[in-house]
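**Student:**
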């Protein structure tokens, strides 16, 4: 299932699929992150605390947020950076901020304000957008019950949306002929 939309300056897409996740997104679109400034809000439902070797490579840890300035291809290939229930913000220039709530831990979290959900879920989404507006990342990625990608660049949004649609189409085609083995 794919859901997408726009909120102010941000284009966003949500996909629910076991075959398209954060690894798929990063593998297909590394240029969205390489040479950018990464802030990891959540890693496997909690803070990402860099190891000693990661600190030596340039990671910074402040206010329970891990930062890496100008992400390299090597750093991005380190599978220890993401797991499940991850929440990333990506910037064009160096930025530090005091805090951001970990939204990816909320079951079924969605960036869609138009979904018919209960008031508590809608309040979570409103807080998310309020914090995004305050912090102003160029992109965000949440990898929890859904993979959520948001960007201020419509071209990036269109690329990810096309990739997600292609993946879903392939999975659907595979499931009608045999058990799906495709990884998107």
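Numbering (the working numbering), first residue to last: 18 to 201.
Every residue, glycine too, gets a C-beta built ideally from N, C-alpha and C.
Please report how far the alpha carbon of residue 169 lies from the alpha carbon of residue 71, in whole angstroms.
**Tutor:** In a straight line, the C-alpha of residue 169 is about 29 Å away from that of residue 71.
**Student:** Run the CB neighbour count on residue 199, radius 10 Å, all protein chains shown included, and call it buried at 16 or more, exposed below.
**Tutor:** Low per-residue confidence applies at residue 199: pLDDT is 44, beneath 50, and the placement is therefore not dependable, though the value from the model is reported in the following sentence. Its Cβ having fewer than 16 others within 10 Å, residue 199 is exposed.
**Student:** What span of residues does the beta strand (DSSP E) with residue 156 cover, start to end?
**Tutor:** Looking at the DSSP string, the run of the beta strand (DSSP E) that includes residue 156 is 156–160.
**Student:** Once DSSP output is grouped into helix, strand and coil, what is the label at residue 104?
**Tutor:** It is a strand residue.
**Student:** With a CB to CB cut of under 6 Å and the five nearest residues on each side skipped, what residues in its chain are close to residue 52?
**Tutor:** Cβ within range, chain order: 87.
**Student:** Any chance you could list the beta strand (DSSP E) runs of at least 3 consecutive residues sitting entirely within the segment 51–135, in chain order?
**Tutor:** Qualifying beta strand (DSSP E) stretches, in chain order: 54–59, 77–79, 82–85, 103–108.
**Student:** When burial is assigned at 16 or more other CB atoms within 10 Å of the CB, is residue 104 buried or exposed?
**Tutor:** So residue 104 counts as buried.
**Student:** Can you name, in chain order, every residue of its own chain whose Cβ lies under 6 Å from the Cβ of residue 33, other than the five neighbours on each side?
**Tutor:** Correct list, in chain order: 18, 163.
**Student:** Across which residues does DSSP place residue 166 in a beta bridge pair?
**Tutor:** DSSP output for residue 166 lists 30, 158 as bridge partner(s).
**Student:** Looking only at its chain, what residues have a beta carbon closer than 8 Å to the beta carbon of residue 54, apart from the 5 residues adjacent to it on each side?
**Tutor:** Answer for residue 54: 84, 85, 86, 87, 88, 107, 108, 109, 110, 111, 112, listed in chain order.
**Student:** Count the other CB atoms within 10 Å of the CB of residue 156; is the residue buried (16 or more) or exposed (fewer)?
**Tutor:** Residue 156 is buried by the Cβ-count criterion.
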